[in-house]
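**Q** This is the structure, below, for whatever I ask next.
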Amino acid sequence: MPDTVRSAFGFCVQQVRQYDYPNYVWVAQMDKELRPALFALRAFNIETALVADQVRSRESVVGQIRFQWWRDAVRAAYEDRPPNHPVAIALAHVLHSPGPAPPAVAAPASSAAAATAGGAQADAGCSDSGCGSDSPRSSSAAAAASSSSSSPTGPGRFSRYSFKRIIDVRESDFLDPQPPLDMGALESYAEGTASQLLYLQLAAAGIKHRDADHAASHLGRAIGITTLLRGTAAHAAARRSYLPVDLCAEARVSQEDVYSGVVSEGLRDVAHKVASLAKGHLDEARRLAPRLPPGAAGLMLPAVAVERYLQALEAVNFDPFDAGLLKQHGGGSGAAPLSYVLAIKWHQMRGTY
Numbered sequence: 001m002p003d004t005v006r007s008a009f010g011f012c013v014q015q016v017r018q019y020d021y022p023n024y025v026w027v028a029q030m031d032k033e034l035r036p037a038l039f040a041l042r043a044f045n046i047e048t049a050l051v052a053d054q055v056r057s058r059e060s061v062v063g064q065i066r067f068q069w070w071r072d073a074v075r076a077a078y079e080d081r082p083p084n085h086p087v088a089i090a091l092a093h094v095l096h097s098p099g100p101a102p103p104a105v106a107a108p109a110s111s112a113a114a115a116t117a118g119g120a121q122a123d124a125g126c127s128d129s130g131c132g133s134d135s136p137r138s139s140s141a142a143a144a145a146s147s148s149s150s151s152p153t154g155p156g157r158f159s160r161y162s163f164k165r166i167i168d169v170r171e172s173d174f175l176d177p178q179p180p181l182d183m184g185a186l187e188s189y190a191e192g193t194a195s196q197l198l199y200l201q202l203a204a205a206g207i208k209h210r211d212a213d214h215a216a217s218h219l220g221r222a223i224g225i226t227t228l229l230r231g232t233a234a235h236a237a238a239r240r241s242y243l244p245v246d247l248c249a250e251a252r253v254s255q256e257d258v259y260s261g262v263v264s265e266g267l268r269d270v271a272h273k274v275a276s277l278a279k280g281h282l283d284e285a286r287r288l289a290p291r292l293p294p295g296a297a298g299l300m301l302p303a304v305a306v307e308r309y310l311q312a313l314e315a316v317n318f319d320p321f322d323a324g325l326l327k328q329h330g331g332g333s334g335a336a337p338l339s340y341v342l343a344i345k346w347h348q349m350r351g352t353y
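Put into structure tokens, the structure is as follows:
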């Protein structure tokens, strides 16, 4: 493998470690041949999410240029001529590497010690991995998808639609930074980002399966909604909110209350309803676990972090501004509690999530 590609994967590992540590932990424990693709996909997700953080809202043209740059970068990666950006280089390598055969048995759990920067980065440089289909793998498309576990080879393994959808949804959110009108808008955002990323992860493992797509759709919505809820305090500091407008109106919670971090019974009620929506999708995704093909359950392990946050939020009576909650669950980086690592291992050994 060329040094440029090896370095690109190392960059992806560090991005995930810095900005998305809970997912860094479980990816670092996946099968060695699959890790590079997962790190590259998650680094792409991070890069598109960071655009809004790095560009001020009044510089909308700059933001649009950056989102268009990523559209062009993905297109170029499909053509095996990526721009000189480590994430784009890593994606191109994944796209044009032979995809893994559909797993015949559940992926073996590797040592928890693999979740270290050195071990993960060392393994990230040696990859043969790929991804999904050419059509949208949304919940509606999943209903018509084949239940076969076979997957095509070459760049066609990835769904171009999923890449495009992630970029489009993030750009739309950047250009119109208003709170979602209702729960449906919240679900749409989550489906367009977190669910699409899970579809790509399944494809990276060579898994094309109707029930796996269905589970990914629900789990992605649980992840996306929980991520937005967990970020309530950080968003409020930037005068943003993802608490649905209709729920806030019913609970007599103003946007200024949210921005100021005013914790009222109304705010707790809104947070409770949003958390319940996420929990419902998590439960539905887990209900499908017995019907998933071998290897798919390991890719659903982000469910563990979702459950932990929702339980912690309930423990503080649904106060998303609670100092203890923010210290434990507010950031993307930091040391993972041993209990979280052990929970990941436990689910890996049982083939659950």
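Quick note: the sequence shown, position 312, residue 312 per full-length UniProt numbering, numbers continuous. C-beta: ideal position from N, C-alpha, C; glycine also. Remember, it's a predicted structure, so these values are computed and weren't measured experimentally.
Got a sec? Which residues, its chain only, sit under 6 Å from residue 353 by beta carbon, not counting five neighbours each side?
**A** Answer for residue 353: 297, 300, 301, 303, 347, listed in chain order.
**Q** Which residues in the same chain as residue 228 place their Cβ atom closer than 6 Å to its Cβ, once the five residues preceding and following it in sequence are excluded?
**A** Within the same chain, residue 228 has close Cβ partners 242.
**Q** Among 18, 48, 56, 32, which residue has its Cα nearest to the Cα of residue 238?
**A** Ranking 18, 48, 56, 32 by Cα distance to residue 238 puts 56 first.
**Q** So what's residue 255 in DSSP terms, helix, strand or just coil?
**A** Residue 255 falls in the helix class under three-state DSSP.
**Q** Does the separation of the CB atoms of residue 356 and residue 200 fall below 9 Å?
**A** In this structure the chain extends from 1 to 353, so residue 356 is not present and cannot be described.
**Q** Can you give the beta carbon distance from residue 43 to residue 94, rounded, assuming they're within the 8 Å contact cut?
**A** Contact flag wrong, Cβ pair sits at about 11 Å.
**Q** Considering only residues of the same chain and omitting the five flanking positions on each side of residue 259, which have a CB-CB separation below 6 Å?
**A** So the qualifying residues of the chain are 236, 239.
**Q** Rounded to whole angstroms, what's the CA-CA distance from residue 278 to residue 226? Just pull it up for me.
**A** The alpha-carbon atoms of residue 278 and residue 226 are separated by roughly 6 Å.
**Q** Quick one: measure Cβ to Cβ for residue 268 and residue 318, integer angstroms, because I've assumed they're closer than 8 Å.
**A** Contact holds; Cβ gap of about 4 Å.
**Q** Figure out for me which residue from 77, 207, 274, 215 has the closest Cα to the Cα of residue 373.
**A** Limits of the chain in this structure are 1 at one end and 353 at the other, which puts residue 373 out of reach.
**Q** Considering only the beta carbon of each residue, do residue 214 and residue 288 sit closer than 9 Å?
**A** Contact flag set, yes.
**Q** Mapping DSSP to helix, strand and coil, what is residue 162?
**A** Three-state result, residue 162: helix.
**Q** How would you call residue 324, buried or exposed, if buried means at least 16 neighbouring beta carbons within 10 angstroms?
**A** Flag for residue 324 reads exposed.
**Q** Look at residue 218 and residue 281 and say whether their C-beta atoms are less than 9 Å apart.
**A** In this structure, residue 281 lies closer than 9 Å to residue 218 by Cβ.
**Q** Might you give, ordered along the chain, the residues of its own chain that have their beta carbon closer than 7 Å to the beta carbon of residue 80, omitting 5 neighbours on each side?
**A** Cβ neighbours of residue 80 beyond the five flanking positions: 92, 96.
**Q** From 306, 263, 294, pick the residue whose C-alpha is nearest to that of residue 322; which is it?
**A** Checking every option, the nearest Cα to that of residue 322 belongs to 263.
**Q** Whole angstroms is fine: what's the gap from residue 223's alpha carbon to residue 4's?
**A** One C-alpha to the other measures close to 33 Å.
**Q** By Cβ distance below 8 Å, which residues in the same chain neighbour residue 60 in space, the five residues on each side in sequence not counted?
**A** These residues qualify, in order along the chain: 174, 175.
**Q** Do residue 197 and residue 167 have their C-beta atoms within less than 9 Å of each other?
**A** Not in contact: residue 197 and residue 167 (Cβ atoms no closer than 9 Å).
**Q** Quick one: what's got a C-beta closer than 6 Å to residue 305's C-beta in the same chain, skipping five residues either side?
**A** Around residue 305: 22.
**Q** To the nearest angstrom, how far is it from the Cα of residue 316 to the Cα of residue 232?
**A** Residue 316 and residue 232: Cα-Cα distance of roughly 15 Å.
**Q** CB residue 90 to CB residue 204, shorter than 9 Å?
**A** Going by C-beta atoms, residue 90 is not nearer than 9 Å to residue 204.
**Q** Going by DSSP in three states, residue 178 sits in which element: helix, strand or coil?
**A** In this structure, residue 178 counts as coil in the three-state DSSP scheme.
**Q** Just mark residue 62 as buried or exposed, buried being the case when its beta carbon has 16 or more other beta carbons within 10 Å.
**A** Exposed, since its Cβ has fewer than 16 Cβ neighbours within 10 Å.
**Q** Between the beta-carbon of residue 293 and the beta-carbon of residue 212, is there less than 9 Å?
**A** Their beta carbons are under 9 Å apart, which means residue 293 touches residue 212 by this criterion.
**Q** With distances taken from CA atoms, which of 183, 64, 26, 6 is nearest residue 221?
**A** Checked all of 183, 64, 26, 6; the closest Cα to residue 221 is 183.
**Q** Please state whether the Cβ-Cβ distance between residue 64 and residue 171 is less than 9 Å.
**A** Taking 9 Å as the Cβ cut-off, residue 64 and residue 171 qualify as a contacting pair.
**Q** Please report the Cβ distance between residue 257 and residue 181, rounded to the nearest whole angstrom; I am assuming they are in contact, meaning their Cβ atoms lie under 8 Å.
**A** Not quite, the Cβ-Cβ distance comes to about 18 Å (not below 8 Å), so this is no contact.
**Q** Give the straight-line distance between the Cα atoms of residue 244 and residue 250, rounded to the nearest whole angstrom.
**A** Answer to the nearest angstrom: the Cα atoms are 10 Å apart.
**Q** Can you tell me which of the three DSSP states residue 87 falls into?
**A** In the structure shown, residue 87 sits in a helix (DSSP, three-state: H, G or I).
**Q** State the Cα-Cα distance for the pair residue 68 and residue 350, rounded to the nearest angstrom.
**A** Residue 68 and residue 350: Cα-Cα distance of roughly 42 Å.
**Q** Grouping DSSP H, G and I as helix and E and B as strand, with all else coil, what is residue 11?
**A** It is helical.
**Q** How far does the alpha helix (DSSP H) with residue 32 in it reach, from first residue to last?
**A** Segment: none, residue 32 is in no alpha helix (DSSP H) and carries neither H nor E.
**Q** Rounding to the nearest angstrom, what Cα-Cα distance links residue 310 and residue 46 in this structure?
**A** Near 22 Å, if we compare the C-alpha coordinates of residue 46 and residue 310.
**Q** If you reduce the DSSP assignment to three classes, tell me which class residue 188 lands in.
**A** Of the three classes helix, strand and coil, the one that applies to residue 188 here is helix, per DSSP.
**Q** Would you kindly check if the distance between the Cβ of residue 341 and the Cβ of residue 25 is under 9 Å?
**A** Yes, the Cβ-Cβ distance between residue 25 and residue 341 is below 9 Å.
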